[in-house]
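Per the numbering used here, the very first residue in the sequence shown carries number 184; after that it's consecutive.
The beta-carbon is built from N, C-alpha and C at its ideal position, and this holds for glycine as well.
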Amino acid sequence: MSLELDSPRTVEVSQRGLTARQAIADRVFRIGLVAATLTFVILIAGLFAELVHGSWESLVAFGPKFLWSSEWNPVTNHFGALPFIYGTVVSSAIAILVAGVVGIAAAVFLAEFAPPAVARPISFFIELLAAVPSVVFGLWGLFVLAPFLGSTVDPFIQRYLGFLPMFSGGIYGIGLLTAGLLLALMIVPTVAAIARDLIQAVPNELREASISLGATRWETVVHVVLPSARAGIVGACVLALGRALGETIAATMVIGNRPAISASLFAPSYTLSSVIANEFTEATSSLYLSALLELGLILFVISFIVNGCARILMWSMLRSQGRRP
Numbered sequence: 184m185s186l187e188l189d190s191p192r193t194v195e196v197s198q199r200g201l202t203a204r205q206a207i208a209d210r211v212f213r214i215g216l217v218a219a220t221l222t223f224v225i226l227i228a229g230l231f232a233e234l235v236h237g238s239w240e241s242l243v244a245f246g247p248k249f250l251w252s253s254e255w256n257p258v259t260n261h262f263g264a265l266p267f268i269y270g271t272v273v274s275s276a277i278a279i280l281v282a283g284v285v286g287i288a289a290a291v292f293l294a295e296f297a298p299p300a301v302a303r304p305i306s307f308f309i310e311l312l313a314a315v316p317s318v319v320f321g322l323w324g325l326f327v328l329a330p331f332l333g334s335t336v337d338p339f340i341q342r343y344l345g346f347l348p349m350f351s352g353g354i355y356g357i358g359l360l361t362a363g364l365l366l367a368l369m370i371v372p373t374v375a376a377i378a379r380d381l382i383q384a385v386p387n388e389l390r391e392a393s394i395s396l397g398a399t400r401w402e403t404v405v406h407v408v409l410p411s412a413r414a415g416i417v418g419a420c421v422l423a424l425g426r427a428l429g430e431t432i433a434a435t436m437v438i439g440n441r442p443a444i445s446a447s448l449f450a451p452s453y454t455l456s457s458v459i460a461n462e463f464t465e466a467t468s469s470l471y472l473s474a475l476l477e478l479g480l481i482l483f484v485i486s487f488i489v490n491g492c493a494r495i496l497m498w499s500m501l502r503s504q505g506r507r508p
């Protein structure tokens with residue numbers, strides 16, 4: 184009898200204890216998520232503050248003119264960031280333009296048209312390409328890509344398009360165009376892999392509805408599938424662009440490392456990350472070191488602006504599609 188009377192109480196106590204443990208576990212889980220999120224915010228804020236602190240001497244000495252000055256002379260302690268900003272922006276623009284077109288086209292082919300026996304091995308090799316170290320890309324670019332461009336591709340382009348300033352001037356093999364194409368090769372796996380997954384995630388009902396209305400497969404891809412995955416594809420391109428902006432070793436080996444601005448894509452140039460990597464150990468004065476840190480601050484701000492603009496663009500795309508950002 185006592186067992187029968189105590190049984191409901193025991194069950195009730197155990198249920199209350201289990202509910203309390205669940206509440207504690209949920210609270211700990213929420214605290215852990217908030218702490219993890221705040222950790223990233225604190226790291227970003229700390230990185231920005233440290234860059235500002237390290238570059239303060241240069242900020243005070245040169246002011247805003249550091250951004251548009253082209254002189255970089257460690258002997259006289261005169262520094263300007265414009266050639267490095269130009270090299271970073273132009274090489275990254277070439278990279279994302281080439282990688283965006285090639286990567287999205289490859290993603291469409293693998294997701295919509297390639298048979299599984301072909302799509303699987305090609306997808307594997309594309310993802311494997313993303314795991315290749317930057318220094319390997321740099322060596323390949325220096326000993327294979329640069330000589331090939333300098334002896335074959337660049338003269339061919341200049342023969343027919345040499346009247347354009349961007350394809351005029353001397354041909355060296357290394358330069359902005361070489362760096363941009365090498366960066367494109369490095370980031371195209373990111374664009375292709377993410378875009379392929381996004382295209383495959385588009386509901387089949389949309390494809391079937393389009394085809395049932397008389398559209399071809401190409402028309403369905405262009406007018407239905409790609410617009411549905413457009414916001415995610417933009418995010419993939421921005422993610423790839425972030426790597427292109429900050430790439431150091433590979434770009435340093437093929438861009439030519441000359442702090443000058445030239446309209447020709449064949450001319451040697453410099454990037455923000457390349458000059459920091461090359462000259463950081465050679466900084467013999469505090470102002471020189473501070474100027475290099477200010478270049479890092481500029482690169483940080485450029486990356487922040489690019490990602491912010493991409494986020495705004497994605498929000499506008501999602502709103503236009505009637506989806507919640």
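Check whether residue i and residue j have beta carbons under 7 Å apart
| i | j | result |
| --- | --- | --- |
| Phe-350 | Leu-344 | yes |
| Tyr-453 | Gly-270 | yes |
| Tyr-241 | Glu-465 | Just to set this straight, residue 241 is Ser in the shown sequence, not Tyr. No, the Cβ-Cβ distance between Ser-241 and Glu-465 is not below 7 Å. |
| Ala-367 | Val-437 | no |
| Leu-480 | Leu-234 | yes |
| Val-421 | Ala-375 | no |
| Leu-482 | Leu-455 | yes |
| Leu-381 | Ala-423 | no |
| Leu-475 | Ile-488 | no |
| Ala-264 | Phe-245 | no |
| Gly-515 | Ile-432 | Outside the modelled stretch of the chain, which goes from 184 to 508, sits residue 515, for which no answer is possible. |
| Ser-393 | Val-405 | no |
| Val-417 | Val-285 | no |
| Ala-297 | Arg-379 | no |
| Ala-398 | Gly-356 | no |
| Trp-255 | Phe-262 | yes |
| Ala-443 | Pro-257 | no |
| Thr-373 | Arg-390 | no |
| Ile-377 | Ala-419 | yes |
| Ala-414 | Met-497 | yes |
| Ala-427 | Ala-278 | yes |
Which listed residue (the options) has its alpha carbon closest to that of residue i
| i | options | result |
| --- | --- | --- |
| Ser-469 | Ser-238, Val-484, Ala-219, Thr-373 | Ser-238 |
| Gly-353 | Ile-309, Asp-337, Ile-279 | Asp-337 |
| Asn-461 | Arg-441, Ala-450, Ala-278 | Arg-441 |
| Glu-430 | Ser-274, Gly-215, Pro-257, Ala-228 | Ser-274 |
| Gly-491 | Gly-425, Leu-332, Leu-365 | Gly-425 |
| Ile-268 | Met-497, Phe-463, Ser-457, Val-291 | Ser-457 |
| Pro-410 | Val-385, Arg-400, Leu-396 | Val-385 |
| Thr-335 | Ala-228, Arg-210, Phe-449 | Phe-449 |
| Asn-260 | Thr-467, Val-281, Leu-396 | Thr-467 |
Coarse secondary structure for residue i, derived from DSSP in three states
| i | result |
| --- | --- |
| Leu-188 | Its pLDDT being 46, under 50, Leu-188 is placed unreliably in this model, and the value from its coordinates should be taken loosely. The answer is helix: DSSP assigns Leu-188 an H, G or I state. |
| Trp-251 | coil |
| Ser-452 | strand |
| Gly-246 | helix |
| Gly-237 | helix |
| Gly-439 | strand |
| Asn-490 | helix |
| Glu-195 | Bear in mind that a pLDDT of 44 at Glu-195, under 50, signals an unreliable position, so the model cannot answer this. |
Start-to-end residues for the alpha helix (DSSP H) that takes in residue i
| i | result |
| --- | --- |
| Asn-461 | 455-462 |
| Tyr-343 | 337-344 |
| Ala-322 | It is worth fixing the name first, because residue 322 is Leu in this sequence and not Ala. Here the alpha helix (DSSP H) through Leu-322 covers 317-323. |
Any chain B beta carbon closer than 7 Å to residue i
| i | result |
| --- | --- |
| Ile-277 | Of the chains in the structure shown, none is chain B; there is only one protein chain. |
> At what residue ranges does the segment 366-433 contain a whole run of the alpha helix (DSSP H), taking only runs of 4 or more?
Replying inline: 387-395, 400-403, 413-429
> Hey, which unbroken runs of the alpha helix (DSSP H) at 4 residues or more fall wholly within the segment 263-304?
Replying inline: 265-291
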